[in-house]
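Peer 1: Handing you a structure now.
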Ligand SMILES: [Fe+2]
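Next up, the structure:
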């Protein structure tokens, strides 16, 4: 695969988009306190926002997905903010591995996609390896395999159940059976369930959804096919002829319990949320018509490869599926209030994506959706500003779903200033209450979490 990828790369005349502009990596790891703030940071906010992203140590990587994970944190207390950034020091980092040498070593993770807290542990995640634990100072603690119970890869999109405290997740494998395994850890992090899931073929499964009683696997047609790899040089391809299905399984169920629902072929990198209502599963997703149509190197390319808000309704009694597009504006990196995960969330947030491009171009707006109606509110970040994943931060642990703020790590292209924008969730279209200026450029990245301090 490496040779094929290199060939693909060499055939390009210029540096790939994922290394240009503010996608380009930075070199310094710094710590800085008492950051400059435009406006005022709300005094009730106490905690740390941490975002993960791709930052190749060597300055280059063959693919967007292969850069080393670098964490950026903004700690907030008493209206003041401090910043820190650190690499996740895994063997992939220490040995400056390329992706081929990281295959076969589950610990050699780029650890570059997400950071999630569960049972007092902060886990840096990438979907083809084991998690890596870091501490609140962003020091790398070590690889984390649930006391030896996790013997395969873990998704970068696990879910913490707000009611039981359980950590629900899956791992997929393109190398052999089982192509998919489901896991459930209790609130203390002890593994209590492992279940191999049958899939007809290996697929890229980036995200999924959970509800109070079920988990939903997305068997969508970004297919891994070694014949395709030989023919096209890409280990993944979009193969709509393979069909698309959603598998609904009770949280404590078995592979044989799964009910599969057919949907029109498409791809979904990310789901907003999902819940149960009147014997139905309601899923809100960022659905795109196709993905990776030019192969693994072309994750994005053209208007049909951008997500939009859709609702899928899966009737558990009749087996019927209803698919509805709820908005026509491209967006991705969807989030809801994490305290509503798997429950009925009324609001969803996402980042606008630009349409007139051949790569991923982050937009200058973040959206707040009324998930019931699809009505959209827009927060404009400014001219020539690019946003990031919007993360909802509640005012306090007991505050209501809209009593809080939306955090967005944005970048001013003209000044090359990166800033954490803080917007009131219930006054979403107004000016931010605060913009925390980061004392160095923060490259565009992936996902993050707010870790409140009690
Ligand atoms: Fe993701």
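Numbering (this note's numbering), first residue to last: 22 to 475.
The C-beta atom is built at its ideal place from N, Cα and C for all residues, glycine as well.
As the structure is a prediction and not an experimental result, all values here were calculated from the model.
1. Got a sec: does ligand 1 put a non-hydrogen atom nearer than 7 Å to the Cβ of residue 150?
2. For the putative contact between residue 146 and residue 139, defined by C-beta atoms under 8 Å, what is the C-beta separation to the nearest angstrom?
3. Using the C-alpha atoms, what's the distance from residue 85 back to residue 42?
4. Count the other CB atoms within 10 Å of the CB of residue 281; is the residue buried (16 or more) or exposed (fewer)?
5. Is residue 312 near ligand 1, in the sense that its beta carbon is under 7 Å from a heavy atom of that ligand?
6. Tell me the residue span of the beta strand (DSSP E) that contains residue 298.
7. Terminal residues of the continuous beta strand (DSSP E) containing residue 235?
8. Residue 440 bridges to which residues according to DSSP?
9. I'd like to confirm something about residue 134: is its beta-carbon nearer than 7 Å to some heavy atom of ligand 1, or not?
10. Considering Cα atoms alone, identify which of 207, 264, 232 is closest to residue 220.
11. Which partner residues of residue 346 appear in the DSSP bridge assignment?
12. Pull the bridge partners of residue 136 from the DSSP assignment, please.
13. Grouping DSSP H, G and I as helix and E and B as strand, with all else coil, what is residue 24?
14. If we call anything under 8 Å between Cβ atoms a contact, is residue 61 one with residue 407?
15. Does at least one heavy atom of ligand 1 sit under 7 Å from the Cβ of residue 290?
16. Just to check, is the beta-carbon of residue 528 closer than 7 Å to a non-hydrogen atom of ligand 1?
17. Taking 7 Å as the cut-off, is the CB of residue 407 close to at least one heavy atom of ligand 1?
18. Reducing DSSP to helix, strand and coil, say where residue 115 ends up.
19. Can the beta-carbon of residue 308 be found less than 8 Å from the beta-carbon of residue 320?
20. Does DSSP classify residue 202 as helix, strand or coil?
21. Please list, in chain order, all residues of the same chain as residue 461 whose beta carbon is under 7 Å from its beta carbon, the five residues on each side excluded.
22. Is residue 139 near ligand 1, going by C-beta to nearest heavy atom under 7 Å?
23. Excluding the five sequence neighbours on either side, which residues of its own chain have a C-beta within less than 8 Å of the C-beta of residue 245, listed in chain order?
24. One question on the structure: do residue 234 and residue 298 come within less than 8 Å of each other, judged by their Cβ atoms?
25. Please state if the CB of residue 210 and the CB of residue 272 are separated by a distance shorter than 8 Å.
26. How far does the beta strand (DSSP E) with residue 74 in it extend, from its first residue to its last?
27. Would you kindly work out how many angstroms separate the C-alpha atoms of residue 35 and residue 315, rounded to a whole number?
28. Take residue 379 as the anchor and find which of 398, 362, 327 has the nearest alpha-carbon.
Peer 2: According to the structure data:
1. Every heavy atom of ligand 1 is 7 Å or more from the Cβ of residue 150, so no.
2. That belief does not hold up - the Cβ atoms of residue 146 and residue 139 are roughly 11 Å apart, past 8 Å.
3. Looking at the two C-alpha atoms, the distance is approximately 13 Å.
4. By the C-beta density criterion, residue 281 is exposed, having fewer than 16 other C-beta atoms within 10 angstroms.
5. With a cut-off of 7 Å, the C-beta of residue 312 is classified as distant from ligand 1, since no heavy atom of the ligand falls inside that distance.
6. Judged by DSSP secondary structure, residue 298 falls within the beta strand (DSSP E) whose first and last residues are 288 to 298.
7. Element bounds for residue 235: 235 to 240.
8. For residue 440, DSSP records a beta bridge to 431, 458.
9. For ligand 1, at least one heavy atom lies less than 7 Å from the Cβ of residue 134.
10. Minimum Cα distance to residue 220 is reached at 264.
11. Per DSSP, the beta-bridge partners of residue 346 are 331.
12. Per DSSP, 145.
13. Any reading at residue 24 needs caution, since the residue's pLDDT is 39, under 50, leaving its predicted position unreliable; the model's value is listed next. Residue state, collapsed to three classes: helix.
14. With contacts defined as CB atoms closer than 8 Å, residue 61 and residue 407 fail to qualify as a contacting pair.
15. Yes.
16. No answer is possible for residue 528: it lies beyond the span of the chain, which begins at 22 and ends at 475.
17. Not under cutoff, so the answer is no.
18. In this structure, residue 115 counts as helix in the three-state DSSP scheme.
19. Judged by beta-carbon spacing, residue 320 lies beyond the 8 Å limit of residue 308, meaning their Cβ atoms are not closer than that value.
20. Correct three-state label for residue 202: strand.
21. Excluding sequence neighbours, residue 461 sits near 47, 49, 51.
22. No, the beta carbon of residue 139 sits no closer than 7 Å to any heavy atom of ligand 1.
23. So the list reads 195, 222, 223, 224, 225, 256, 257, once near-sequence residues are dropped.
24. For residue 234 and residue 298, no; Cβs fall outside 8 Å.
25. Judged by beta-carbon spacing, residue 210 lies beyond the 8 Å limit of residue 272, meaning their Cβ atoms are not closer than that value.
26. Run containing residue 74: 68 to 75, per the beta strand (DSSP E) assignment.
27. Residue 35 and residue 315 have their alpha carbons spaced roughly 17 Å apart.
28. The shortest Cα separation from residue 379 among 398, 362, 327 belongs to 327.
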